[in-house]
DNA sequence: GGTAAAATACACAGAATAGTGTATTGTCCC
DNA sequence: GGGACAATACACTATTCTGTGTATTTTACC
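Residue numbers (this note's numbering), protein chains in the order written: chain A, 205 to 421; chain B, 205 to 421.
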């Protein structure tokens, strides 16, 4: 690992240019910063991170094309020594855990200022972990958890189930979904029921609200 | 109105500090910028805008305590000469129209870079309007519309209807809602049907998605 | 006092969903 | 090869929604 004393090359990944531009400007003032790259979606972030000489990635979680979680996994798979700080709008326990599980070294909230960003950057470059106090205090975060899901005692949704949820949210009936996915109506119905049972929800309306709150749509 | 040649005092309102910090840094490089203030919610933005000598407010739409729309209205009511640029994550036609109706002078998306921010700032300070090309091209925006609703040919939801929507999103059935609101089941059902008809939605699941997207929950 | 809109209420038929339970296949991993 | 899980499929009943109407009573505004 590079020492913190030599210039640190940074990749900023966020679909909102105003934010990448803003963070760039914040970082440019620091003497220890080397080259700054920016990416506007997860896929671009992975490409740049693998192709260029990057020391630390500041990664937004919600991005088009490929989300931050997936991007973190791929980067860490190829270049585990690259440090990654996840940045998000909300501090949802399950999201935080998933990001850490995926290999993120730090996790900060967008409502924390530049001072904290720099603190986080310093820590992760030294090989430490950094999590915003707001997040680690309020939420039950297990840094060493093997199984992310166990944290909340919830059974995870399967990919198929999430697919079904999206159709439900779009207002499709079981019949329509069955047609689109070449399934029998009863199968779709079973998925729907299993989903409601897993999430302990009463009906599809509540499910869509849950999905919206958990960024499943 | 002040000329664009003298220092322009800016207020940046956004609940995410990283963004206010970032925009500050972007603006600080410009010679024409005077004092920069920041606010982290709508209420704070209104207070600062009314108390300080502000020429232009860069206002995020989604903020806690008081949202951007309300803040724009209040500022324009007291100090109509203060220019306001709305900044948002998504480019939703109805939101854009509401902001313009409320008095915003510009509307840009967070995924547009600093160049566009500066262009917008220049334009609104000269008394012109500025709307991101992405937004004005893709969406049908009427700058001179009196009635915002008419833009999309949509009938507005009544307060009672919005109340019903919230209960639906929480997974309550017509019966339960009727009990809670001391109504007959058929009345709740009528409201539900009227809502679906107004919004041209097929079922409650789609309604909840709509509600989530339009920040009704 | 008239008009418009909102909130309330009902009928009736057909469609869709929720609750509970069972069962078969395939796949991945140890 | 056995265990766990995902995906598929079905039965049966009860409840809830959806679609298409109609109609009365407030409330708000001109």
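Using N, Cα and C, we set each Cβ at its ideal position, and we do this for glycine too. Owing to the predicted nature of the structure, the values given are computational and were not obtained by experimental measurement.
- Across the stretch 313 to 336 of chain A, CB contacts with chain B closer than 7 Å involve 314, 315, 316, 317, 318 and 321, in sequence order along the chain.
- Shown here, residue 377 of chain B sits in coil according to DSSP, grouped into three states, outside any helix or strand.
- DSSP lists A:217 as the beta-bridge partner residues of residue 243 of chain A.
- Near chain B, meaning a CB-to-CB distance below 7 Å, the residues of the stretch 220 to 232 of chain A are 220, 221, 222, 223, 225, 226, 227, 229 and 230.
- Here residue 237 of chain A is bridged, per DSSP, to A:212.
- Spatial neighbours of residue 408 of chain B in its own chain (CB-CB distance under 6 Å, excluding positions within 5 residues in sequence) are listed in chain order as 372.
- Separation of residue 385 of chain B and residue 414 of chain B (C-alpha to C-alpha, rounded to the nearest whole angstrom) is 23 Å.
- In this structure, the beta-carbon distance from residue 232 of chain A to residue 223 of chain A does not fall below 8 Å.
- Under the Cβ distance rule, residue 421 of chain A counts among the residues neighbouring chain B, one pair being separated by less than 8 Å.
- Residue 291 of chain B: member of the beta strand (DSSP E) spanning 287 to 292, first to last residue.
- Around the CB of residue 330 of chain A, fewer than 16 other CB atoms lie within 10 Å, so the residue is classed as exposed.
- Within the same chain, no Cβ atom closer than 6 Å to the Cβ of residue 304 of chain A is found once the five residues on either side in sequence are excluded.
- With respect to residue 220 of chain A, residue 287 of chain B sits apart: the two C-beta atoms are not nearer than 8 Å.
- For the C-beta of residue 389 of chain A, not a single chain B residue is nearer than 7 Å; the gap to the nearest is close to 16 Å.
- Within its own chain, the residues whose Cβ lies closer than 8 Å to the Cβ of residue 393 of chain A, once the five positions on either side in sequence are excluded, are 378, listed in chain order.
- Between residue 283 of chain A and residue 306 of chain A, the C-beta spacing is not below 8 Å.
- Residue pairing by DSSP places residue 263 of chain B opposite B:217 and B:290 in a beta bridge.
- Per the DSSP secondary-structure output, residue 312 of chain A pairs in a beta bridge with A:291.
- For a Cβ distance threshold of 7 Å, residue set 375 of chain B lies close to residue 406 of chain A, ordered along the chain.
- By the CB criterion at 8 Å, residue 275 of chain A and residue 263 of chain A fall inside the cutoff.
- Taking 8 Å as the cut-off, the beta carbon of residue 279 of chain B is found no closer than this to the beta carbon of residue 300 of chain B.
- Of all alpha-carbon atoms in B:389, B:382, B:364 and B:388, the one lying nearest the alpha-carbon of residue 399 of chain B is that of B:364.
- A residue is called buried once 16 or more other Cβ atoms fall within 10 Å of its Cβ, and residue 285 of chain B, having fewer, is exposed.
- The alpha-carbon separation between residue 389 of chain A and residue 402 of chain A amounts to approximately 20 Å.
- If you look at residue 283 of chain A, you'll find it isn't in any alpha helix (DSSP H); DSSP assigns it neither H nor E.
- Against chain B, the CB of residue 409 of chain A has a partner CB under 8 Å away; the residue lies at that interface.
- Within chain A, no C-beta atom comes less than 7 Å from the C-beta of residue 250 of chain B; the nearest is roughly 19 Å away.
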